[in-house]
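Asker:
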Amino acid sequence: MNEDGVHSFHRLHRSTVATGRGALHPKGMTRMVFSRMGLSRTGLSLFALFLSGLAALTLASDQASPQTLRVALDPHGAPILFPGEDGRSTGLAVELLEVLASRLELELDYAEPAPRREHLRRLLAGEIDIYPGLPRTVGNPNDLVFTSAFAESPVVIVTRRGVRATGMVELLRGARVAIATDSPGESWLREKHARAHAVRARSDTQVLSMVALGQVDAGLVDLLTATALSGPDRFQNLRIAGFTDLVHHLHFALPSRHGALRDRIDRALAELEGAELEAMKARWLELENGPALGVPLSRTKLIGAVLLGLAVILVAGGWGIVILRRWRHIAEDLRHELAERQRAEESLRESQLRFRALFERAMDGIALVDTETMAATLYNPAMRRMLGYDEEEFAKVVSGRLESSGIDTSLVRELARAPAGTEMRRRNLRLRHKDGTDRITDVSGVRLDLSDGRFVLAIVRDVTREDEAERKRAESEALLRSTFQAIPDLLTVHDRNLRIVYSNWHEHEYVSELDRARKPYCYEAYMHRDTPCEECHAREVFESGVARRDLKTNPIDGHQREIHTFPVRDENGVIQMVAEYVRKLEGSED
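The opening residue of the sequence shown carries number 1364 in the working numbering; numbering runs sequentially from there.
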């Protein structure tokens, strides 16, 4: 084969692979190429067979690509690809993919919404085939292939609302700036703002979270990510402080095994009319289509922008139209920001009303105590009523140190030494009533750091009646036990499992204190048996509900005893226990 023939073969092979056609039917082209290669008729046949096999392999590689594309769907991927309000997939990538799929004769199947990290895992595991809108950065896995870029997103500087600076240099001087590991922003920050300190973050989401929580002063993310993650359910206290000269190029990402599919998509993107793609970008890459952060604009700047716009319209003519369009965007951003602020104020007002209703109508006393002056700066009506004062009297009582009014402040003093957020509870604290008596209370408190000092929020529950009832119950129980102990014979009470609930243990001193405390079975303690007695009078009373009298000999001491067994019923007449009165018969020893 001569040199011209080799070059002709390479050109023909590239044409065959590029078009995806394996048949070389146009005879004129075939004769022309092979005549230049100087091959015999037999050589022509063999060479044509070789080329047909090579083309068949190329076709097989293309046919191995999936015919249905499973597409990743990011719940925070607006405006590239995200679930719309109706639940259907929408965004720039959806519109672009549908055009490409129709040209490549592919079907689209959108996966359930999931975060980027989960979709990357599923992409590598073969559960999905394509992820729209990824930058080609070091932060993405090496075994991915990327198509040509279909969109760009500028990198912006994001800060919290309220942060003000006269320029970017002042803003970033000495600032701690969060940057995702897959962002080129670190080198940009080092070159353009050497006094700033880069703080690495796992992702753009963590960058915005660190800024919102005040862990850093600013963050670098691309504009689409910033607007997508600033919705009402995400970060609401952020703003765009400025633009960098960095740009993220967005690609379709596929597993490396779909290299042939990547090439087909690239060819389809190249064949797409530039005007058609630009129209798609114009529809989706405006800030209005995503939840914009809002650029702060003071009233003075607003008036200045209006005057400047009018002046430019008068002087520059056509340039005025451009500035008016820019002004329209600024005014729209301002309108969104004012609406958001109004919603925040209404939400705050509703929260204050709910808190006030709960505070005023709570059955427990609530008081906010200053840890320095030990005075209550805020209290609810239940707190005042608990101690028997009217409004004017109680205001005088709590305006001074609470200890001087007979109020136990030990919990407040202990919390004052603890860190903010510490919670404690104390039982049986005494508070002095207006009539001079003490109210027994349970108090829960939490330490708070507020703008005007350190406080303890205390919730006070009056348990005086419960305490009195418990004291009387304890006295009654003590009296009953004393009465039982005074009875000279054995008195014992059993439950349905034949456990001894109570006994005065008379004439059964051989049962140890340890055995008595564990509530043994009656047949263990009184008869030294491992199983219930064959004729158990207690069980028969449980079953019949009728009292009975029995004579039995105790195998431990050999004495005969007279046993009276009777049921113990609750208020509904249900037998809960049985009681036994046991009297030893004198002279009955065997």
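Just so it is clear, CB atoms sit at the ideal spot from N, CA and C, and this is done for glycine as well. Model, not experiment: these values are computed from the prediction.
Between His1611 and Ala1512, is the Cβ-Cβ spacing less than 7 Å?
Answerer: No, the pair does not count as a contact, with Cβ atoms beyond the cut-off.
Asker: Does the Cβ of Ala1616 have 16 or more other Cβ atoms within 10 Å, making it buried, or fewer, making it exposed?
Answerer: Its Cβ being crowded by 16 or more others within 10 Å, Ala1616 is buried.
Asker: Expressed to the nearest angstrom, what Euclidean distance is found between the alpha-carbon atoms of Gln1939 and Leu1813?
Answerer: Cα to Cα, the separation comes out at about 56 Å.
Asker: Considering only the beta carbon of each residue, do Met1746 and Thr1772 sit closer than 7 Å?
Answerer: Contact: no.
Asker: Here's the rule I'm using: 16 or more other beta-carbon atoms within 10 Å means buried, otherwise exposed. How should Tyr1873 be labelled?
Answerer: Exposed, because fewer than 16 other Cβ atoms sit within 10 Å of the Cβ of Tyr1873.
Asker: Within 10 angstroms of its Cβ, does Arg1924 collect 16 or more other Cβ (buried), or is it exposed?
Answerer: Classification of Arg1924: buried, given that the 10 Å Cβ count is 16 or more.
Asker: Taking the Cβ atom as the reference point for each residue, do Leu1432 and Ile1493 lie within a distance shorter than 7 Å?
Answerer: Yes, Cβ-Cβ distance for Leu1432 and Ile1493 is below 7 Å.
Asker: Taking the beta strand (DSSP E) that Ser1866 falls in, what are its first and last residues?
Answerer: Per DSSP, Ser1866 belongs to the beta strand (DSSP E) from 1863–1866.
Asker: Tell me whether the beta-carbon of Ile1919 lies closer than 7 Å to the beta-carbon of His1891.
Answerer: Contact: yes.
Asker: What distance in whole Å lies between the Cβ atoms of Thr1928 and His1900, which are believed to be in contact at a cut-off of 8 Å?
Answerer: Indeed, because the Cβ distance is near 5 Å, the residues count as touching under 8 Å.
Asker: Expressed to the nearest angstrom, what Euclidean distance is found between the alpha-carbon atoms of His1482 and Ile1491?
Answerer: Their backbone Cα atoms lie some 8 Å apart in a straight line.
Asker: Would you tell me roughly how many angstroms separate the C-alpha atoms of Gly1548 and Ala1642, rounded to the nearest one?
Answerer: If you take the alpha carbons of Gly1548 and Ala1642, they lie about 29 Å apart.
Asker: On the CB-based measure, 16 or more other CB atoms within 10 Å of its CB, does Asn1743 come out buried or exposed?
Answerer: Burial call: buried.
Asker: Need the endpoints of the beta strand (DSSP E) that Pro1918 sits in, please.
Answerer: Pro1918 -> no beta strand (DSSP E), and no H or E assigned at all.
Asker: In the DSSP output, which residue or residues are listed as bridge partners for Asp1472?
Answerer: Asp1472 pairs with Arg1433.
Asker: Any idea if Val1945 is buried or exposed, counting beta-carbon neighbours within 10 angstroms, 16 or more meaning buried?
Answerer: The residue in question, Val1945, is buried, as its Cβ has 16 or more Cβ neighbours within 10 Å.
Asker: Taking only three categories from DSSP, how would you classify Lys1555?
Answerer: Looking at Lys1555 - three-state DSSP - the assignment turns out to be helix.
Asker: When we look at the beta-carbon of Asp1933 and count the other beta-carbons within 10 Å, is it buried (16 or more) or exposed?
Answerer: When all chains shown are included, Asp1933 counts as exposed.
Asker: Return helix, strand or coil for Ala1730, following the three-state DSSP convention.
Answerer: Strand.
Asker: Taking contact to mean 3 or more Cβ pairs, one atom from each stretch, closer than 8 Å, check whether the stretch 1758–1765 and the stretch 1843–1851 are in contact.
Answerer: Because the criterion of three Cβ pairs below 8 Å is not met, the stretch 1758–1765 and the stretch 1843–1851 do not touch.
Asker: Can you tell me the Cβ-Cβ gap for Leu1731 and Lys1797, rounded? I've got them flagged as a contact below 8 Å.
Answerer: Their Cβ separation, rounded to whole angstroms, is 21 Å, which puts Leu1731 and Lys1797 out of contact at 8 Å.
Asker: Since I believe Arg1748 is in contact with Ala1781 (beta carbons under 8 Å), could you give me their beta-carbon distance rounded to a whole number of angstroms?
Answerer: 30 Å between Cβ atoms; not a contact.
Asker: Return the CA-CA distance between Leu1583 and Asp1449, expressed in angstroms with no decimal places.
Answerer: Roughly 32 Å between the two C-alpha positions.
Asker: Rounded to whole angstroms, what's the CA-CA distance from Ile1770 to Leu1794? Just pull it up for me.
Answerer: Answer to the nearest angstrom: the Cα atoms are 5 Å apart.
Asker: Tell me the rounded alpha-carbon separation between Ala1386 and Pro1442.
Answerer: Only weak support is given to the placement of Ala1386: the predicted model assigns it a pLDDT of 39, under 50, and the question is left unresolved by the model.
Asker: Since Val1775 and Val1826 should fall inside the 8 Å C-beta cutoff, what is the C-beta to C-beta distance between them, to a whole number of angstroms?
Answerer: Going by Cβ atoms, the distance from Val1775 to Val1826 rounds to 19 Å, so no, they are not a contact pair.
Asker: Quick one: which unbroken beta strand (DSSP E) runs of 3-plus residues sit fully inside the stretch 1700–1751? Chain order, please.
Answerer: Here the runs fully enclosed are 1728–1733, 1739–1742.
Asker: With distances taken Cα to Cα, identify the nearest neighbour of Thr1588 among Arg1479, Pro1883, Ser1452, Asp1913.
Answerer: Residue Arg1479 is the option with its Cα nearest to Thr1588.
Asker: Just to confirm my understanding: we take Arg1817, look at its own chain, exclude 5 residues before and 5 after, and list those with CB closer than 6 Å. What are they?
Answerer: Taken in chain order, the residues that qualify are Thr1734.
Asker: What is the DSSP secondary structure of Ile1628, reduced to helix, strand or coil?
Answerer: The answer is helix: DSSP assigns Ile1628 an H, G or I state.
Asker: Whose C-beta lies closer than 7 Å to the C-beta of Arg1620 among residues of the same chain, with five residues either side of it excluded?
Answerer: Hits under 7 Å: none found.
Asker: Could you tell me the alpha carbon to alpha carbon distance between Leu1571 and Asp1753, rounded to whole angstroms?
Answerer: If you take the alpha carbons of Leu1571 and Asp1753, they lie about 51 Å apart.
Asker: Taking the alpha-carbon of Glu1898 as reference, which of Leu1914, Gly1537, Pro1476 has the nearest alpha-carbon?
Answerer: Comparing Cα positions, the closest option is Leu1914.
Asker: Which stretch, first to last residue, makes up the beta strand (DSSP E) that contains Val1610?
Answerer: Unbroken beta strand (DSSP E) run through Val1610: 1601–1618.
Asker: Quick one: residues in its chain with C-beta nearer than 8 Å to the C-beta of Arg1523, no 5 flanking neighbours on either side, listed in chain order?
Answerer: Result list for Arg1523: Val1574, Ala1575, Gly1577, Asn1600, Leu1601, Arg1602, in chain order.
Asker: Taking the Cβ atom as the reference point for each residue, do Asp1585 and Val1518 lie within a distance shorter than 7 Å?
Answerer: Yes.
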